[in-house]
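**Student:** Just passing along the structure, written as C-alpha cells.
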Amino acid sequence: MSRLLALLGLFSVVLTAVFSEEMEIVVTASRVKEDSRSAPAYVRVIPEEDIQKGDTVLDALRALPDIAIRGSSPGKEYISMGGFGENGFGRTLILIDGRPVNRADMASVNWRAIPLDRVERIEVVKGPMSSQYGDQAIAGTVNIITKDPDGFEAWVRADITLNLTNRQAAGVAFGGEKFRGETGFRREDLKPSRDRSDSRTIMTNLKLGMTAGAFDIGMGGFFSLGDYQLPGGLSEAQYNDNPDQAVNQDDEVSEVTWEANLNPTAEFSQLSLSIPFSWRRVDSAVDMTSWTSYNNTVLDDLRTTLQADSTLFAGDSVVLVPVGGIDANWSKINVDSYADKDRTTLNSSESAGRYDIAAWFRTKALIGEKWAADAGIRISVYEISAGNDSVMYTPFVYDAGASWLPDEKWTVSFRYGRVFRYPMLDEQASYYGFGPSGINTDLRPETGHHVTSSLEFHSKGFSTALAPYFIAMNDEIAYNPLTFQNDNIGNTYHYGAVLSGGWRGSVIGVEASYSYDAASFKETWETVPLVPAHTLFGRFSVKPVKSLEISTDARFTSSYYKGSDNDNTQGTVDGRVGWDARIDWRPVDGLTVYAKAVNLLDNRTPTVVYYSSWTGESWYPSDGREFDFGAIWQY
Numbered sequence: 006m007s008r009l010l011a012l013l014g015l016f017s018v019v020l021t022a023v024f025s026e027e028m029e030i031v032v033t034a035s036r037v038k039e040d041s042r043s044a045p046a047y048v049r050v051i052p053e054e055d056i057q058k059g060d061t062v063l064d065a066l067r068a069l070p071d072i073a074i075r076g077s078s079p080g081k082e083y084i085s086m087g088g089f090g091e092n093g094f095g096r097t098l099i100l101i102d103g104r105p106v107n108r109a110d111m112a113s114v115n116w117r118a119i120p121l122d123r124v125e126r127i128e129v130v131k132g133p134m135s136s137q138y139g140d141q142a143i144a145g146t147v148n149i150i151t152k153d154p155d156g157f158e159a160w161v162r163a164d165i166t167l168n169l170t171n172r173q174a175a176g177v178a179f180g181g182e183k184f185r186g187e188t189g190f191r192r193e194d195l196k197p198s199r200d201r202s203d204s205r206t207i208m209t210n211l212k213l214g215m216t217a218g219a220f221d222i223g224m225g226g227f228f229s230l231g232d233y234q235l236p237g238g239l240s241e242a243q244y245n246d247n248p249d250q251a252v253n254q255d256d257e258v259s260e261v262t263w264e265a266n267l268n269p270t271a272e273f274s275q276l277s278l279s280i281p282f283s284w285r286r287v288d289s290a291v292d293m294t295s296w297t298s299y300n301n302t303v304l305d306d307l308r309t310t311l312q313a314d315s316t317l318f319a320g321d322s323v324v325l326v327p328v329g330g331i332d333a334n335w336s337k338i339n340v341d342s343y344a345d346k347d348r349t350t351l352n353s354s355e356s357a358g359r360y361d362i363a364a365w366f367r368t369k370a371l372i373g374e375k376w377a378a379d380a381g382i383r384i385s386v387y388e389i390s391a392g393n394d395s396v397m398y399t400p401f402v403y404d405a406g407a408s409w410l411p412d413e414k415w416t417v418s419f420r421y422g423r424v425f426r427y428p429m430l431d432e433q434a435s436y437y438g439f440g441p442s443g444i445n446t447d448l449r450p451e452t453g454h455h456v457t458s459s460l461e462f463h464s465k466g467f468s469t470a471l472a473p474y475f476i477a478m479n480d481e482i483a484y485n486p487l488t489f490q491n492d493n494i495g496n497t498y499h500y501g502a503v504l505s506g507g508w509r510g511s512v513i514g515v516e517a518s519y520s521y522d523a524a525s526f527k528e529t530w531e532t533v534p535l536v537p538a539h540t541l542f543g544r545f546s547v548k549p550v551k552s553l554e555i556s557t558d559a560r561f562t563s564s565y566y567k568g569s570d571n572d573n574t575q576g577t578v579d580g581r582v583g584w585d586a587r588i589d590w591r592p593v594d595g596l597t598v599y600a601k602a603v604n605l606l607d608n609r610t611p612t613v614v615y616y617s618s619w620t621g622e623s624w625y626p627s628d629g630r631e632f633d634f635g636a637i638w639q640y
C-alpha cells in the first residue's frame, strides 16, 4: 500500500494539470494499478451502485451495447465482444481480481457462481490484451474486482418473483490493519417462464489475509453446487406456436465447483513482487437423454504467475513503470461416457490436457504532463495432448499504446496489438464420442491484428466517448457440420465503433450508447453469423427525494444471421427490444427495498438461433416477462 500511495503521489506531481479531479484507479490494462485516464487503452468502469441492482454480473454488462449477451438457457449464458459469433466467449477474457477464469474447454464462465455482493467494480477493456494475458484476450477483457473489507461489514439479500424464482445471500467480513477475512453464502432457485429451464445454485466462499510490514498474503476458497435443465432448441414453427414449450424432457446438468487460491505479495520502495496460485475443479454430470449420451467430466485448472514491477525515473519529466513475469497454466479434462443414465455401463474413458508457459514484459512511460505510452511482448509455449497424440504452438505477440491528455476533461488513446487464441480442448481433441477421434492436427490457432482508439470527455457528471476498432483475424475456428469437427473456416474482418454519452446529477440521470459491429469473411464478404450490426442502450433515472429512485432502461439489438449459416442463405432472426423498470426505496441507511419488472414487452426473440443442414434450425427463446421484489441490507 505504501508503494501505491507513493506512486500516486508521483503521478500527481508529474501530471498536475491532468489529475486535478479525483483519480479512478484501474488495474486491468497494464496489470499494475494506474489512473484510468493515463491507461493507453479504452477502459470503462461499472461502479458498485450499478452492479448491486442486478442479479448477476451479466445484468451490469448489459449496459454496454458492444458486449453481446447470448444464451440458450439460464445456465448457458455467455458474452462476446468485437463482433465474434459462434463461441464468441472464447475471444473475450474474463478475470476475477486479475486472475483468468475462462475454462479450457468449450464452456462459458458460470456467471451465476460469482458472488455479487462483494463486487466493487467491473473494469472492461476494449482492445488487444494478448501480450498482457495471453490466450483468448482478442477482443478485450472483463475484470471483476472484489472488495477488500474495511472494518466490520455484514450483508443480507433476498428476493422473489411472481414465477417463484427466489434468491438469498448473506455474509460477514472484517478488515483491520493486519488481519482481514470474509465469508458468504448465496442460494439461487430460478424458475423461468419456459418449461424445463429451471436452475439451482448454492455457493459459499471464505477469504483470509494478513499483512506484516512489506509482506502480505491472501488466501481463499470457493464451493458451488448447481444444476440446470436443458429444454432444447425449438423449430421456428414450434417457437411461433409456443415459445415456452420444451422438446427435451430429461436433459440436464449437475455441476460441483471447487476453487482455492493463494496470493503472497511483497512491496518495497521501488519494487513489487507477487506469486499468485489458483486451482479450480469442475465436476459435471451431463445427462443428454435426447442424444442417449451420459457423461461424467472432471476439469482441473492450475495457474500460477511470477510478477514483478517497479517505478523508475528517467529525467525530470519521465516516469517508467516496467512490469513482467512468467505465467504458467495447466488444464486436464477426464470424460467417462456411459450407455445409460444410471452409469452402469461404461462406453469409454478419455482425457485431454493443455499446458502452456509464457514469459511477458511491458513498460509504461509517463511523459511530461500530457502523455502516457506503453508497449509489451509475450512469448508462449503451448501443448495440447490426447491419448498418444499432441500438438505444440509457440505464439509471439506484442502491442503498444499511447494516450494524450490535453487537459483535465479530454482523453485520446490508441492501441495496436497482435492477438491469438489457442483451440479449446474439445475444439482440438475429440473425447465425447462424436466426430473423428483423437486430435485434429490440421486445426491451427487463431491469430490476428487488433487496432482500437478512443476519444473521451468527462466534466462534472457529464461524459461522452467514441471508440472505433478494427480486428483482422486469420484461421477463425467454428464447427463444421459436414466434417463433424471444428475447422479453420477462414479469415475474417471485424470492425465498428461505440458511441456513448451520459449525465448523472443529484436528481436526474440520463445515459445512452450505441454500438456498430460488422463482421465478414475476407474471401466472400458474407456476414459472420450471430453478430447483430446495431445495438442501442438507454437509461433514465430520477430521485424525487433522497430515499427514492425510479429508473428504466431499454436495449435494442438488430437482426442477425443464424449460427453456422456462413453463406447467409437461411435468412435472419428479427431484432429485439428488452425494456426494464425499477423502483428503489431506502427507508434507513443500509437498507434498500426494491421492485422491478424485467422484459416488460414480453419479447421472446432468441439471442441464439442455430442452423444445421442435418437437423434444421434450433431456436432458444429469451425468458418472458418477470416481476421481482426484494431487499438488500448492508452494514
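Letter by letter, the sequence shown follows residues 6 to 640 in my numbering.
We treat Cβ as the ideally placed atom computed from N, Cα and C, and that holds for glycine.
Remember, it's a predicted structure, so these values are computed and weren't measured experimentally.
1) Given this structure, state the Cα-to-Cα distance separating ALA178 from ALA159, to the nearest angstrom.
2) Do you know how far the Cα of LEU278 is from the Cα of ASP412?
3) Could you check where the alpha helix (DSSP H) with GLN433 kicks off and where it finishes?
4) Of all the beta strand (DSSP E) runs that stay within the bounds of the region 365-440, which reach a length of 3 or more residues?
5) Name the residue from TRP284, MET429 and LEU410 whose alpha carbon lies nearest to the alpha carbon of ALA44.
6) Rounded to a whole number of angstroms, what is the C-alpha to C-alpha distance between GLN433 and ASP394?
7) First and last residue of the beta strand (DSSP E) that includes GLN243?
8) To the nearest angstrom, how far is the alpha carbon of MET397 from that of ASP347?
9) Here's a check: name, in chain order, each residue in its chain whose Cβ is nearer than 6 angstroms to the Cβ of TYR640, leaving out the five neighbours to either side.
10) Could you tell me the distance, in whole angstroms, from the CA atom of LEU276 to the CA atom of VAL598?
11) Which partner residues of PHE157 appear in the DSSP bridge assignment?
12) By how many angstroms is the C-alpha of ALA219 removed from the C-alpha of VAL129?
13) Under 8 angstroms by Cβ, that's how I've got ARG560 and ARG172 pegged, so tell me the actual separation to the nearest angstrom.
14) Leaving out five residues on either side along the sequence, give the residues of the same chain with a beta carbon under 7 angstroms from the beta carbon of SER564.
15) Roughly how many whole angstroms lie between the Cα atoms of LYS551 and ILE637?
16) Give the DSSP-derived three-state secondary structure of THR497 in the structure shown.
17) With distances taken Cα to Cα, identify the nearest neighbour of ARG423 among ILE389, PRO400 and SER408.
18) For the alpha helix (DSSP H) containing ILE51, name the first residue and the last one.
19) If you follow the alpha helix (DSSP H) that ALA65 is in, where does it begin and where does it stop?
20) Would you kindly report the start and end of the unbroken beta strand (DSSP E) that includes SER336?
21) According to DSSP, what are the bridge partners of GLY621?
22) Could you compute how far the alpha carbon of THR557 sits from the alpha carbon of LEU606?
23) Assign GLY95 to one of three DSSP states: helix, strand, or coil.
24) May I have a chain-ordered list of the beta strand (DSSP E) segments no shorter than 3 residues that lie completely inside the region 113-142?
25) Does the beta-carbon distance from THR206 to GLY231 come in below 8 angstroms?
**Tutor:** The short version:
1) Each residue's Cα considered, the two are about 6 angstroms apart.
2) If I take the Cα positions, the gap works out to 34 angstroms.
3) For GLN433, the enclosing alpha helix (DSSP H) has its first and last residue at 430-433.
4) Here the runs fully enclosed are 376-391, 394-398, 401-409 and 415-426.
5) Cα-wise, what sits closest to ALA44 is LEU410.
6) C-alpha of GLN433 to C-alpha of ASP394: approximately 11 angstroms in a straight line.
7) Looking at the DSSP string, GLN243 is not in any beta strand (DSSP E); the run it does join, the alpha helix (DSSP H), is 241-246.
8) Taking the straight line joining both Cα atoms gives about 38 angstroms.
9) Once the five neighbours on either side are set aside, the close Cβ partners of TYR640 are ALA159 and GLY595.
10) Looking at the two C-alpha atoms, the distance is approximately 46 angstroms.
11) Note: PHE157 sits in a beta bridge opposite PHE179.
12) Taking the straight line from one Cα to the other gives about 30 angstroms.
13) In fact, because the Cβ distance is near 22 angstroms, the residues do not count as touching under 8 angstroms.
14) If you ignore the 5 residues before and after SER564, its C-beta comes within less than 7 angstroms of the C-beta of PRO537, THR577, VAL578, ASP579 and GLY580, all in its own chain and listed in chain order.
15) Pairing LYS551 with ILE637, the inter-Cα distance amounts to about 17 angstroms.
16) THR497: strand per DSSP, three-state reduction.
17) When only C-alpha atoms are compared, the closest one is PRO400.
18) That residue, ILE51, is in no alpha helix (DSSP H); its beta strand (DSSP E) goes 47-52.
19) For ALA65, the enclosing alpha helix (DSSP H) has its first and last residue at 62-66.
20) Taken as a continuous stretch (DSSP letters only), the beta strand (DSSP E) holding SER336 covers 323-343.
21) SER617.
22) If you draw a straight line from the Cα of THR557 to the Cα of LEU606, it is about 13 angstroms long.
23) Secondary structure at GLY95: helix, using DSSP grouped into helix, strand and coil.
24) Complete beta strand (DSSP E) runs here, min 3: 124-131.
25) Contact: yes.
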